[in-house]
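Peer 1: What follows is a single structure, and I will ask about it in a moment.
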């Protein structure tokens, strides 16, 4: 066959290929800006693991100081350094999860990350089963998911926390439960689309097992949209953690939590306005960054597919 | 009628170049295209996909999207330059003096507006006509395009009428303002062959009555031969040849046109016309066009000059051709080069064993109604009778072709055989084992013996795995090849598909449609099956690639002594390919027998109608004019008696206008040598019909 | 013969914003003498003829060369066209002779064919001449014979019965009041594949009929 | 269409049942001992157990679920032997349970081993009467009596074995003899509009819930009226200008507004309008449940916060849908038919483009409710959201259940409306 081979025999290395797929991000200005915002907070988080300007939980300073040379962003109503608290606030969201019990053990990966991973695992499993098997499987799974979706998200959080109490694991569970229906719906619609393809027929005519078809034939082709969705979900999760913290039922103290910082500073809003601004900005920029990144990525991916 | 001179062309396109701006530059999708269309003339533009045919059409109506523009050349409509006309002036021309009909009528109609409203606005906006007056006009026009129950159709929504009717509505809508130019872009491609034939008749009639100039774009050489007087052949964004249909079809001068003619099956009087010779390679994308002659890399006659210099359009006995050596190239003296050589088909001994046998196989699907009773499960159960009493045998190493229009049950038939669906009743045996249930009840060894080749090249391969992984999977799964030898076996298979070892690590998106289809065939053969079911394996491919795939299938059949069941909607493809042919209509096999017997009298009336509908790319061939009325009835409540009786053009040959057809099932009439016809009309009468296709003797 | 059968369909039409110079060019390139000016939906707004586009001396007198150029480059056809009210038009369902009488009465060379205000075609004197030729069977070979008959009921039937009795075909037929012979009609017939003397002999046999002219037309 | 409707109605009913079960079991079974919260941490296990049985919490969970959902008077009736009725209390107006003894509303109490029947008179007062002859005997020979006590429970007394119970009074826990063996708190059930008593306030939940729902409806309604037309308009404008500057501004602005949590938006609005500009009250003090009607300005900031969040979301949805529609073949047809651009957009595009957003907006209502909780907490707005929040923090599960069921009902009802609207807009389903 006289087909010109674009690579002329030399196959690009794995790294080159990976770079090529990553490079899509930089095609989109929106995604690049979003990524920069997320990376900024990740970097802050990693720095805070080894260094913060002051002890985050210690009331070492005068209360309600405006920004100054020592306390770059001022102090809060208990005289704690806001800069240090803000920096450490990234940890519980993105970098570590405290295990229940009195032990001081933490596992890597923040509450938001584990929550999203949880909803991905649960949602994808349910969604693939509903979408690929169809029939009664679909009816029953969707009915259950519909019931979950019918709960206003925050009511579900409140109910879960009212029932199980506060804690990192509870928040992860709450995020998992509220996120799973959305993931499942997406996975289901992707599975329903993909299962009409002829390569699924080919697998069926080979007598492949249902599990093989769902996880080996369908799932790899659904990963693009699922990844973009997961990115958005990390944003939602941070959003939710912030909201829970703000409502005073989020991650337990003593480690600083942005939402809770806003909540506490709000009570002193007339005497100290800066204290409420910083954590608010932090949450907003991180969530917006993730959204921008996901949005730009999605746009770029659909363009790429065209 | 009169000796009136046709003074000026309705449309005159000169040296047109259309470019699209893309990231980092622009692509010239169309270059150096010139042609003109006269009043009342139908001008055909033919070419494979990606040749820029549609771009020309969009350029004429100046609808090239945000990033496309006419880079060079001129488009003159009725003496006025269209390039650079203001938006408002263009708007007034569109829908008034220039109208357009394109491929998918379902997409072209607004799903949430009544058809009447969509039609009326053409008149109310352009002519400022009152609403009820416009409605009257629309109904008249719908009646003019033979739309049954026109007044009622006005109140309907697009999804409530059939595809053929949708296309009639679109055509009627285009003609409402009596345009001087009608641009039609593949208007019948999405339609079934009998519906297509009726729409083509309609187009010819309208062009005559309204004196409208029609620009007819299609990939189908047969359709061009039927509707148009003159034709332009496009290849890779250029018009490589143009002239009258009669001349070009008789004696094509450009190597590409010649190649096209050789690779489309012609449903002629004899089987020899069905031998196909593919063009090697594929159409280059606009970004990778060669420097010299665009067809150079695929041309059998390529010389140095062709690589260096772009040929100009030259006049050769009234045909304009873009080739340096057109005088020296004579189509009839062409012989296939070695790589395109046709497989030698040896006659398989006819007494070989039966491998597949179906006895009264039925497949019904339960459907849910929409009444309250149905929803709560108390309604009467209704069924789509997708396959009814299928009876046939296939001998080892032979090919059975199954033909029929969409919805005739041919796909369900093979899904049932392969086990994607279980049958409702009846018996199916394969190699002596029962296969009437679905695949979950079948033995591993049996599954391995039955494989399938799929229709759509874009979805036949899993985009996430490499070619090698996908071909290797059946080997691993069935353990036909030891694990460490899989790679070698896959490469062997790739080579017999004429794909090299370097394809092993490629991903599907790096392959062309034809290559993907080859890999699909390789995957089906990987488990060394005895029977391969092919579901329209070439219908989504360009004609020049189709031929290569068909020939490849024949070759592997020889090599592996595989039995094939081959589904197609196109009678001409099946003829060359099959030993036996079955014709299906609405779930029922109407006629079955050796291929040659199907294409000659006695015909089943449906086969006869199908044959007369197929567009044949040869203007010298005469076809009987038989058109089916109405549309295919629903398979939920198929007509009683003979399922074809509602549309049968031959029914009146029977006493009492064929009353018996409505009430009683016909018997199978055996007309010798395995040829069976399912019809009430006696075989002797059927025998007296003239052949549908005759070659004009001049 | 009705107007719709002999008119030119899909004539070249222009929009009112077209420049006069552009209209002139279109006329020249396409060899037409009349251009209907139409709005959206091909509604007739007026008519442009060559004369209309010619510059009128009284208008030009006061302008210098530059001003004329500028005037012309901005002149749109809407300013010089004959407005609809003054354009003679014809319905596509009218007879050809009706169209001919309008044209001769008003001494115009062309009529836009208008149905419900929408231009569906154009009929010119050339078109009428074409149908006249067709009527008398001009393009084909045959014998053209002129028979003078009295203006009495039944005379025409006599000719046709003779023709049909002979099993001749008729390719064209027409009748005119005989020039300078009041009370008579000249009937012109075109008959293929016969000898002209044979025609003369047979048609002369009818009492009262006189063959005034017979000739082979090639 | 009938098929579609029936399906969605059936599905809605099943969903509601599932939701109510999930809610009930999660809260009542999952949460810890509510009596600790009511009686305080210093109460003894004995006191708690007694109080638990008075609340009926010692019954099996499924039994309590049925009682909660469908009431239990119809079940208990056969034990008492008389029909059970509710009669409003003359003073408080709250419903009281009485047994209907041949037209005479009656309750009972056990005092010093004596069974007394309290008969309600027409003026609301009661007369006492000793009814020792009403004791019944079971198989083992023990004498018992089923009746209605003065605290709206169906109770079982055993003759001569008055149980010791801890009764909660205003002054604290008090030990009483002559207590019943078994309590079944009588209720009409959620389906009949009885959500039980608030554990926090000791009053019927429904008494306070409805004014809260009304307040929230006002807040959400005002926000909705502002958001919908504005968001759809912005979305359409952005959609037909795809890729241009205007589109970029609307899209990215919308994304920013949606991605910012409500409490952040709210705080910033308070800072800007309440503290820096001093245009609006920074912290609204809602003196009474009717405050919003007396001073509508109090609504301004909550509405603005909700608007900011919802606007971006709906506008972006509409934009995406509009972009897709404008790219479709039938829009191309309309343009090629020579329709003016305005007409193409208005007649051909908008209707199709609005189908998707309308269903999504309706699905989005429960997101809106989430926003409402936060907004009401920030601004101290006496609405449903704050009610749920307060109840959840206290662990008042009767109140949480009732309020959550209200929100779920609203969410599901709007979804049904969304489905209906979609059906009406989309002829493909309407005439399927």
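Chains as they are written, first to last, in our numbering: chain W, 804 to 1109; chain L, 1391 to 2088; chain X, 86 to 303; chain C, 15 to 446. Backbone N, C-alpha and C fix where the C-beta goes; we use that ideal spot for every residue, glycine too. Please read these numbers as outputs of a predicted model, since none were measured by experiment.
Suppose the cutoff is 8 Å on Cβ atoms and the five residues either side in sequence are ignored; what does the same chain contact list for residue 201/C look like?
Peer 2: The answer, listed in chain order, is 81, 82, 85, 86, 87, 208, 210.
Peer 1: Please name the residue, chosen from 313/C, 329/C, 423/C, that lies closest to residue 33/C on a Cα-to-Cα basis.
Peer 2: Of the listed residues, the one whose Cα sits closest to residue 33/C is 423/C.
Peer 1: How about residue 1752/L and residue 1778/L: are their beta carbons less than 8 Å apart?
Peer 2: Cβ atoms of residue 1752/L and residue 1778/L: closer than 8 Å.
Peer 1: Under 6 Å Cβ to Cβ from residue 177/X, same chain only, skipping five residues before and after it: list those, please.
Peer 2: So the list reads 88, 89, 198, 200, 205, once near-sequence residues are dropped.
Peer 1: Under 6 Å Cβ to Cβ from residue 1652/L, same chain only, skipping five residues before and after it: list those, please.
Peer 2: Around residue 1652/L: 1667.
Peer 1: Let me know if residue 286/X comes out buried or exposed under the rule of 16 or more other beta-carbons within 10 Å of its beta-carbon.
Peer 2: Residue 286/X should be labelled exposed.
Peer 1: When you compare each of 24/C, 335/C, 320/C to residue 280/C by their alpha carbons, which one comes out closest?
Peer 2: That would be 320/C, whose Cα lies nearest to the Cα of residue 280/C.
Peer 1: I'd like the ranges of any alpha helix (DSSP H) spanning at least 4 consecutive residues and lying wholly in the region 374-398 of chain C.
Peer 2: Correct list: 379-393.
Peer 1: Which residues does DSSP pair with residue 1620/L in a beta bridge?
Peer 2: In the DSSP output, where bridge partners are listed per residue, residue 1620/L has 1433/L, 1634/L.
Peer 1: Taking residue 269/C as part of the alpha helix (DSSP H), name the residues at either end of that continuous run.
Peer 2: Counting along the chain, the alpha helix (DSSP H) containing residue 269/C begins and ends at 259-273.
Peer 1: Under three-state DSSP, which class holds residue 1713/L?
Peer 2: In this structure, residue 1713/L counts as coil in the three-state DSSP scheme.
Peer 1: Output, in sequence order along the chain, the residues in the region 365-380 of chain C whose CB is closer than 9 Å to any CB in chain W.
Peer 2: Answer in chain order: 377, 379, 380.
Peer 1: Going by other Cβ atoms of all chains shown within 10 Å of its Cβ, with 16 needed for buried, is residue 1036/W buried or exposed?
Peer 2: Residue 1036/W is buried by the Cβ-count criterion.
Peer 1: How far does the alpha helix (DSSP H) with residue 225/X in it extend, from its first residue to its last?
Peer 2: From DSSP, residue 225/X is part of no alpha helix (DSSP H); its letter is neither H nor E.
Peer 1: Does the distance from the CB of residue 1467/L to the CB of residue 1629/L come in under 8 Å?
Peer 2: Result no, Cβ atoms of residue 1467/L and residue 1629/L do not sit closer than 8 Å.
Peer 1: Against chain L, does residue 182/X count as a neighbour if the rule is that its beta carbon must be under 8 Å from one of theirs?
Peer 2: So, not an interface residue.
Peer 1: Taking the straight line between their C-alpha atoms, what separation do you get for residue 2032/L and residue 2049/L?
Peer 2: About 11 Å.
Peer 1: Any C-beta of chain C sitting closer than 8 Å to the C-beta of residue 1967/L?
Peer 2: Output row for residue 1967/L: interface = no.
Peer 1: So, is the C-beta of residue 1028/W closer than 8 Å to a C-beta in chain L?
Peer 2: No, residue 1028/W lies away from the interface with chain L (no Cβ there is under 8 Å from its Cβ).
Peer 1: Where do the ends of the alpha helix (DSSP H) carrying residue 963/W lie?
Peer 2: Note, residue 963/W: alpha helix (DSSP H), 956-967.
Peer 1: Should residue 1008/W go down as buried or exposed, given a rule of 16 or more other Cβ atoms within 10 Å for buried?
Peer 2: Classification for residue 1008/W: buried.
Peer 1: Comparing the C-beta of residue 442/C with each C-beta of chain L, is any distance below 8 Å?
Peer 2: Chain L contact via Cβ: present.
Peer 1: In the DSSP assignment, what residue or residues form a beta bridge with residue 1993/L?
Peer 2: For residue 1993/L, which the question treats as bridged, DSSP gives no partner whatsoever.
Peer 1: Near residue 38/C, which residues of its chain fall below 7 Å by C-beta distance, leaving aside the five closest residues on each side in sequence?
Peer 2: So the list reads 79, 82, 415, once near-sequence residues are dropped.
Peer 1: At which residues does the beta strand (DSSP E) containing residue 121/X begin and terminate?
Peer 2: Looking at the DSSP string, the run of the beta strand (DSSP E) that includes residue 121/X is 119-123.
Peer 1: Here's a check: name, in chain order, each residue in its chain whose Cβ is nearer than 8 Å to the Cβ of residue 914/W, leaving out the five neighbours to either side.
Peer 2: Cβ within range, chain order: 895, 896, 900, 971, 974, 975, 978, 1040, 1044, 1054.
Peer 1: For residue 349/C versus residue 1076/W, is the C-beta distance shorter than 8 Å?
Peer 2: Cβ distance not < 8 Å, so residue 349/C and residue 1076/W don't count as in contact.
Peer 1: Have a look at residue 1683/L and residue 1421/L and give me their C-alpha separation to the nearest angstrom.
Peer 2: Rounded to the nearest angstrom, the two C-alpha atoms are 13 Å apart.
Peer 1: Cβ of residue 1518/L less than 8 Å from any chain X Cβ?
Peer 2: With 8 Å as the cut-off, residue 1518/L counts as an interface residue toward chain X.
Peer 1: Please report whether the beta-carbon of residue 431/C lies at a distance below 8 Å from any beta-carbon of chain L.
Peer 2: Not closer than 8 Å to any Cβ of chain L, the Cβ of residue 431/C fails to qualify, so no.
Peer 1: Out of 1611/L, 1557/L, 1572/L, state which residue places its alpha-carbon closest to the alpha-carbon of residue 1494/L.
Peer 2: Answer by Cα proximity: 1557/L.
Peer 1: Ignore the nearest five residues each way along the sequence and tell me which others in residue 248/C's own chain have a CB closer than 6 Å to its CB.
Peer 2: Excluding positions up to five away in sequence, the list reads 264, 329.
Peer 1: Count the other C-beta atoms from every protein chain shown that fall within 10 angstroms of the C-beta of residue 428/C, then say buried if there are 16 or more, exposed otherwise.
Peer 2: It is buried - the Cβ of residue 428/C has at least 16 other Cβ atoms within 10 Å.
Peer 1: At the 8 Å Cβ level, is residue 773/W part of the contact set with chain C, yes or no?
Peer 2: The requested residue 773/W is not part of the displayed model; chain W covers only 804 to 1109.
Peer 1: For the region 905-917 of chain W, which residues have a CB atom closer than 8 Å to at least one CB atom of chain C, in sequence order?
Peer 2: Residues passing the 8 Å Cβ filter: none.
Peer 1: According to DSSP, is residue 1648/L helix, strand or coil?
Peer 2: Residue state, collapsed to three classes: helix.
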